[in-house]
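Here's the structure, in structure tokens; my notes come after.
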Amino acid sequence: MIEFQHISKSYHGKPIINDLSFTIHDGEFIVLIGPSGCGKTTTLKMINRLITMDSGKILIDNEDITKKDLTDLRTHIGYVIQQIGLFPNMTVAQNISVVPKLLKWGKEDMDKRVRELLEMVDLPYEEYAHKYPNEMSGGQQQRVGVLRALAARPPVLLMDEPFGALDPITRDTLQEELKDLQQKLNITTVFVTHDMEEAIKLADQIVFMDKGDIVQMDSPEEMLRNPKADIIRQFMGKHTKQNTIELTCGEIMKTNVLKVDNKRKVLESLELMRSKGTDSVVVVDKTNTYMGIVNIDDLQKRGIPGQSIENIIRNDVITLSTEAHAKEAMDAIQNQRADFVVVLNDKQKVVGIITKGSIARSLSTTLWGENNV
Ligand SMILES: Nc1ncnc2c1ncn2[C@@H]1O[C@H](COP(=O)(O)OP(=O)(O)OP(=O)(O)O)[C@@H](O)[C@H]1O
Ligand SMILES: [Mg+2]
Numbered sequence: 010m011i012e013f014q015h016i017s018k019s020y021h022g023k024p025i026i027n028d029l030s031f032t033i034h035d036g037e038f039i040v041l042i043g044p045s046g047c048g049k050t051t052t053l054k055m056i057n058r059l060i061t062m063d064s065g066k067i068l069i070d071n072e073d074i075t076k077k078d079l080t081d082l083r084t085h086i087g088y089v090i091q092q093i094g095l096f097p098n099m100t101v102a103q104n105i106s107v108v109p110k111l112l113k114w115g116k117e118d119m120d121k122r123v124r125e126l127l128e129m130v131d132l133p134y135e136e137y138a139h140k141y142p143n144e145m146s147g148g149q150q151q152r153v154g155v156l157r158a159l160a161a162r163p164p165v166l167l168m169d170e171p172f173g174a175l176d177p178i179t180r181d182t183l184q185e186e187l188k189d190l191q192q193k194l195n196i197t198t199v200f201v202t203h204d205m206e207e208a209i210k211l212a213d214q215i216v217f218m219d220k221g222d223i224v225q226m227d228s229p230e231e232m233l234r235n236p237k238a239d240i241i242r243q244f245m246g247k248h249t250k251q252n253t254i255e256l257t258c259g260e261i262m263k264t265n266v267l268k269v270d271n272k273r274k275v276l277e278s279l280e281l282m283r284s285k286g287t288d289s290v291v292v293v294d295k296t297n298t299y300m301g302i303v304n305i306d307d308l309q310k311r312g313i314p315g316q317s318i319e320n321i322i323r324n325d326v327i328t329l330s331t332e333a334h335a336k337e338a339m340d341a342i343q344n345q346r347a348d349f350v351v352v353l354n355d356k357q358k359v360v361g362i363i364t365k366g367s368i369a370r371s372l373s374t375t376l377w378g379e380n381n382v
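Residues are numbered in our numbering as their position in the sequence shown, beginning at 1, plus a constant of 9.
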């Protein structure tokens, strides 16, 4: 748990952060958002003591951070900045090992960890571990930046606009990978952005800041439904139009669903998922009738090369009809931590999929119009 208690900070007599108090629970994903200069980066950097507050206290697990040994504090907090910040003269493996090395891990442990991390984001060790940053794309470098921050298994991760410089598709993929890793590893994360769509997609709680104050701290859904100040509405650029209570799954689903035929072979399916950057696909039969899903873990662990995917299809995914209430999909994704819900028509054909991203997009479109975010 991270607690901000009455934190203030001024530069040259000008108040930048005013009596900030809020709490971040273990495993929570917090997004700090607000106009440029409102104090997001300052707030973030106070957590790992890159910036010192004038007054107030920050406690991590009830311990005042100023009382902790600085190296100890920083090696327990992963930190990712916007400009990637990989060391150009170090290979990917060396970059990832920076903190483990500081912590004096043995070579074998370090090597194992590098392999394990690269695998998590689908950068094969053999191909990437010995590359230098300038031999990779921006998205790949940013992945390595995230892995480096995660290398020593820190309980806390700080990220300052890490995906700002990426193209929308890469950014989308990395957002999904990050959220996935964060949930799997249960890392308490504080993420700075000025992009509302990104905030809605990633956050458990959004902290909206303006001029060094918290204007509203709420879940994405609550902030979308009840923005408490004009600055928040302005920030999203539009005005509240209609209630979302009446929306159905059919209205908020994404229709370009990645699907595979149940006769498809294991390796082909793996390749397809790799190339699309996804970790699961919906399985249908020849008539587009829903059969279940397959995920990459099952394919890798239980799939037999040369055989079809038929015996590893899972049926534990939530399906809803197009007529079902959108709120059911939201609840499923929010509370049961499902990554997505599959939408079927009354003949059990797959017509769409609902993810946190598609909910965010459709909610903001409904509330603020087409050109939002
Ligand atoms: N070292 C410094 N000396 C003086 N003023 C500073 C210093 N660092 C930050 N500031 C001021 O503090 C305010 C908050 O800065 P901060 O970097 O936290 O903003 P931000 O919300 O991260 O903005 P952005 O979205 O542009 O990154 C700004 O007005 C900035 O000019
Ligand atoms: Mg900033």
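Backbone N, C-alpha and C fix where the C-beta goes; we use that ideal spot for every residue, glycine too. The structure displayed is predicted, hence computed values, not measured ones.
{"query": "Given a threshold of 16 other Cβ atoms within 10 Å of its Cβ, counted over all protein chains shown, does M10 qualify as buried or as exposed?", "result": "exposed"}
{"query": "Any heavy atom of ligand 2 closer than 6 Å to the Cβ of K193?", "result": "no"}
{"query": "Would you call I313 buried or exposed, if buried means 16 or more other Cβ atoms sit within 10 Å of its Cβ?", "result": "exposed"}
{"query": "Please check the pair Q91 and D169, which I expect to be a contact at CB under 8 Å, by giving their CB distance rounded to whole angstroms.", "result": "6 Å"}
{"query": "Beta-carbon distances below 7 Å to any heavy atom of ligand 2 define the shell here; list its residues in chain order, please.", "result": "K49, T50, D169, E170 and V201"}
{"query": "Among the candidates E37, T296, T32 and R311, whose CA atom is the shortest distance from the CA of R346?", "result": "E37"}
{"query": "Can you tell me whether N57 is buried or exposed? The criterion is at least 16 other CB atoms within 10 Å of its CB, across all chains shown.", "result": "buried"}
{"query": "Please report the Cβ distance between L353 and S371, rounded to the nearest whole angstrom; I am assuming they are in contact, meaning their Cβ atoms lie under 8 Å.", "result": "With 8 Å as the limit, L353 and S371 do not qualify as a contact, their Cβ atoms being about 18 Å apart."}
{"query": "Which residues share a DSSP beta bridge with V351?", "result": "T328 and I362"}
{"query": "Check whether the region 154 to 162 and the region 330 to 339 touch, using three or more Cβ-Cβ pairs below 8 Å as the test.", "result": "no"}
{"query": "Measuring straight from C-alpha to C-alpha, what distance separates Q251 and E117?", "result": "Below a pLDDT of 50, predicted positions are generally treated as unreliable, and Q251, at 40, falls in that range; the measurement from the model is reported next regardless. Distance between the alpha carbons of Q251 and E117 is about 58 Å."}
{"query": "With 16 other CB atoms within 10 Å as the buried threshold, where does I261 fall?", "result": "buried"}
{"query": "Looking at the strands, I want to know which residues DSSP matches up with E383.", "result": "Residue 383 lies beyond the stretch modelled for the chain, which goes from 10 to 382, so this question has no answer here."}
{"query": "Pick out whichever of D120, T296, D176 and A212 has its Cα sitting closest to the Cα of D189.", "result": "A212"}
{"query": "Is it buried or exposed for A369, if we count other Cβ within 10 angstroms and need 16 for buried?", "result": "buried"}
{"query": "Starting from the Cα of Y88, find the closest Cα among R311, D81, V199 and N320 and give me that residue.", "result": "V199"}
{"query": "What residue from F31, L29 and D63 has the CA that sits closest to G22's CA?", "result": "D63"}
{"query": "Does DSSP put Q251 in a helix, a strand or coil?", "result": "Low confidence applies to Q251: its pLDDT is 40, below 50, so where it sits in the model is not reliable, and the reading given next is rough at best. Reduced to three states, the DSSP call for Q251 is coil."}
{"query": "Is the separation between the beta-carbon of G221 and that of N27 shorter than 7 Å?", "result": "yes"}
{"query": "Alpha carbon to alpha carbon, what distance is there between T202 and G173?", "result": "8 Å"}
{"query": "What's the gap between the Cα of I16 and the Cα of L29?", "result": "5 Å"}
{"query": "Would you check if the distance between the CB atom of S289 and the CB atom of I318 is smaller than 7 Å?", "result": "no"}
{"query": "Should H248 be labelled buried (16 or more other beta-carbon atoms within 10 Å of its own) or exposed?", "result": "Bear in mind that the predicted position of H248 carries a pLDDT of just 30, short of 50, making it unreliable; the figure below should be weighed with that in mind. Classification of H248: exposed, given that the 10 Å Cβ count is below 16."}
{"query": "Could you tell me if the beta carbon of I42 falls within a distance shorter than 6 Å of some heavy atom in ligand 1?", "result": "no"}
{"query": "Where do the ends of the alpha helix (DSSP H) carrying V292 lie?", "result": "Premise fails: V292 lies in the beta strand (DSSP E), S289 to V293, not in any alpha helix (DSSP H)."}
{"query": "Using the beta-carbon count (16 or more within 10 Å), is S146 buried or exposed?", "result": "exposed"}
{"query": "State the beta-bridge partners of V123 as determined by DSSP.", "result": "Bridge partners of V123: none, in fact."}
{"query": "In three-state DSSP terms, what is N381?", "result": "Confidence is the limiting factor: at N381 the pLDDT is only 40, short of 50, which leaves the residue's position unreliable, though a coordinate-based value still follows. If DSSP states are grouped into helix, strand and coil, N381 belongs with coil."}
{"query": "Spatial neighbours of G315 within its chain, please: CB distance less than 8 Å, with the 5 preceding and 5 following residues excluded, ordered by chain position.", "result": "K274, V275 and L276"}
{"query": "Would a C-beta distance cut-off of 7 Å place G48 and I33 closer than the cut-off?", "result": "no"}
{"query": "Do the CB positions of L175 and G148 come within less than 7 Å of each other?", "result": "yes"}
{"query": "When you compare only the Cα positions, how much space is there between L267 and M300?", "result": "14 Å"}
{"query": "On the DSSP bridge list, what partners appear for D270?", "result": "V293"}
{"query": "Check the DSSP bridge columns for R323 and list the partner residues they point to.", "result": "I302"}
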